[in-house]
Amino acid sequence: MSKPNVLFVMTDQQRFDTIASLGNPHIYTPNIDRLVARGLSFTRGYSTCPVCVAARYTVRTGCEPARTRRFSNGATAPVPGQAETMTGRCGPYLAQMMQRMGYRTFGVGKFHTGPWDEDIGYDVHLHSEELYRSPEQRAGDAYASWIAREHPYYDYVEALQGERTEMYYMPQVSPLRPEATVEAWAADRAIEQLGVVDDRPFFGFVSFIGPHPPFAPPVPFNRMYDPDRMPDPFYGDVGNDHADEQIPYMNRIVWADDITDSHARVLKARYYGEISYIDACLGRILDAVEARHDAANTLICFFSDHGDHLGDHRAWQKESFFDGSCHVPFLVSWPESLPSETRVEDLVCLTDLFGIATRAAGEPDLRDGEDVLGAVVGDGAPRETVVGMYGAPGSPQFKVMVRKGDWKYIFIANGGREQLFNLATDPAELQNTVTSEPEATDEFRKIAAIACEPPEARDALDDNGLRAFPFEARDRGRIYQFDQSRGITGFPDRPENVLRG
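Sequential numbering from 0 applies to the sequence shown in numbering that gives the first Met the number 0.
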């Protein structure tokens with residue numbers, strides 16, 4: 000059998016429970032459903048560092064945060080003995096590996112690299128980043144420059160993907176026509192690449208910016224969903240919901256600290272509209288794949304970098320280890336080699352994607368991941384445990400998650416707080432069983448501590464095990480996310496200053 004084509008399709012901030020054919024009766028996703036029917040649906044897929052930059056580096060390196068040194072959106076210095084560069088610590092990026100194995104590579108969309116235009120191994124690399132830090136970055140962004148060139152009447156729009164700052168969690172509608180949005184642009188560029196005639200197989204990575212907030216679907220996707228038909232967020236005891244100080248901290252800084260249930264239902268309606276719009280764009284990409292002679296020998300992985308709490312647990316954004324934040328869609332299909340329409344309960348995580356691609360290409364390189372394809376076809380055993388980390392080890396922001404069997408354990412260094420949930424009986428994670436299940440708590444605490452023993456994470460430990468800090472709430476300011484490429488950094492001191500240019 001010839002080497003398969005490999006196509007990764009990634010969304011941003013899409014929860015695991017947003018696919019119609021996998022159990023959500025409120026949403027319309029016919030094309031994601033096509034992928035469900037085409038192959039395997041891993042129902043227990045996790046992002047081991049649920050925030051944009053860190054999660055994307057786990058995908059492109061096949062390594063966990065202890066090696067990437069990305070425990071958040073910022074960088075953490077290497078420990079003594081680690082190489083200074085990402086590829087020095089982890090090895091070549093995935094696209095670079097696929098190049099070496101004879102693949103034509105292309106990447107389209109949001110990549111969140113550091114620096115923003117880092118070469119990560121794509122023969123064709125078309126960026127569409129969500130923020131522009133300078134005029135040069137906006138001019139160099141493939142999507143923003145396409146707007147300026149092909150649709151100049153939209154170039155006045157400062158926030159092409161929707162307004163941020165105080166509008167971050169306000170329902171919006173895109174100011175652009177559906178065919179001019181960043182999602183349509185990404186689909187068009189992907190379709191162009193799928194039509195390239197080349198003797199080599201392709202490795203393609205299509206990375207949509209949505210449904211990351213702001214939720215601004217274009218007409219008519221902005222009015223697909225009636226908010227009165229949307230389910231309310233669910234809450235537990237506030238001591239459980241906000242045990243992780245990151246949650247109230249994040250709520251405040253993204254202007255989401257007092258969202259009501261009615262507001263949350265409207266936001267969910269627009270969020271679902273974003274997903275249905277991306278689904279329509281995905282459908283055009285799938286049509287292009289199926290039009291190829293080698294469609295059956297094309298492996299497609301569909302996943303997201305992390306989820307969004309959407310008000311559950313009185314939380315917005317991500318960066319916690321509640322399932323709304325870290326449990327993600329994870330679909331793998333390869334008609335020539337894998338069964339169709341199959342649900343798989345094996346634990347998997349984003350780090351495993353590196354091994355999926357390289358094994359399919361004939362030269363498996365698992366790095367920190369597991370051999371998912373091997374487990375599916377019977378060549379190996381599925382993983383027993385997923386361990387996630389967020390925040391630099393040895394800092395109050397550090398936390399570690401252990402997912403095994405029916406259970407999830409979370410240790411939060413800020414305050415030394417612990418949570419233990421039985422997801423079989425309590426899928427909403429409302430009942431913390433640390434006190435009532437002391438033996439299980441002790442077992443999972445030990446697993447978490449062992450995961451922190453390598454030198455790269457050892458600062459998370461002290462003589463007593465997992466290192467705890469006295470609880471401290473951080474200063475909860477605000478994030479201002481205006482178009483810095485046009486010199487806008489915040490609100491004016493006086494309203495009339497806006498009119499003075």
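C-beta atoms are modelled at their ideal positions from N, C-alpha and C, and glycine is treated no differently.
Beta-carbon proximity of residue i to residue j, cut-off 8 Å
i      : j      : result
PRO174 : VAL156 : yes
ALA279 : ARG416 : no
ILE119 : ALA138 : no
VAL331 : GLY306 : no
VAL433 : LEU419 : yes
GLY113 : ALA53  : no
LEU281 : VAL8   : yes
GLY209 : ASP11  : yes
ALA412 : GLU244 : no
ALA215 : VAL172 : yes
ARG55  : PHE110 : yes
TYR276 : PRO217 : yes
ALA141 : LEU159 : no
LEU365 : PHE302 : no
TYR271 : HIS25  : yes
Helix, strand or coil at residue i according to DSSP, with G and I counted as helix
i      : result
TYR131 : coil
PHE470 : coil
MET96  : helix
LEU34  : helix
SER40  : strand
LYS2   : coil
CYS348 : strand
PRO247 : helix
TRP406 : strand
SER71  : coil
ASP140 : coil
PHE443 : helix
PRO210 : strand
PHE481 : coil
GLY354 : helix
HIS326 : strand
Straight-line gap, residue i to residue j (C-alpha atoms, nearest Å)
i      : j      : result
ASP311 : ASN250 : 12 Å
VAL186 : VAL107 : It is Ala, not Val, that sits at residue 186 in the sequence shown. Approximately 9 Å between the Cα atoms of the pair.
ASP462 : ARG59  : 35 Å
LEU266 : GLY377 : 43 Å
LEU346 : PRO381 : 7 Å
ASN296 : ARG14  : 28 Å
PHE468 : MET166 : 34 Å
TRP184 : ASP367 : 34 Å
VAL5   : VAL288 : 11 Å
PHE443 : LEU460 : 15 Å
ASP240 : ILE246 : 8 Å
PRO49  : ALA147 : 33 Å
LEU309 : SER324 : 9 Å
CYS51  : SER71  : 8 Å
GLU335 : TYR152 : 46 Å
Strand pairing of residue i, partner residues [DSSP]
i      : result
TRP254 : None, per the DSSP bridge assignment.
VAL8   : VAL205, PHE301
ARG416 : ILE411
GLY387 : MET400
ARG342 : SER40
VAL107 : LEU125, VAL205
Distance cut-off 7 Å: residue i Cβ against heavy atoms of the ligand NAP
i      : result
GLY373 : The model on display carries no ligand, and the ligand NAP is accordingly not part of it.
- Item | Cβ contact check for the region 355-370 and the region 33-44: 3 or more pairs under 8 Å | no
- Message: Contact between the region 192-207 and the region 219-238 is defined here as three or more beta-carbon pairs at a separation below 8 Å; is this criterion met?
- Response: Flag = no, the region 192-207 and the region 219-238 do not touch.
- Taking one C-beta from the region 97-106 and one from the region 385-402 each time, how about it: are there three or more such pairs within less than 8 Å? no
- So, do the region 316-323 and the region 22-40 have three or more beta carbon pairs nearer to each other than 8 Å? no
- Message: Tell me whether the region 254-266 and the region 329-346 touch, counting them as touching only if at least three CB pairs, one residue from each stretch, are closer than 8 Å.
- Response: no
- Is the region 119-135 touching the region 477-486 in the sense that three or more CB pairs, one from each, lie closer than 8 Å? yes
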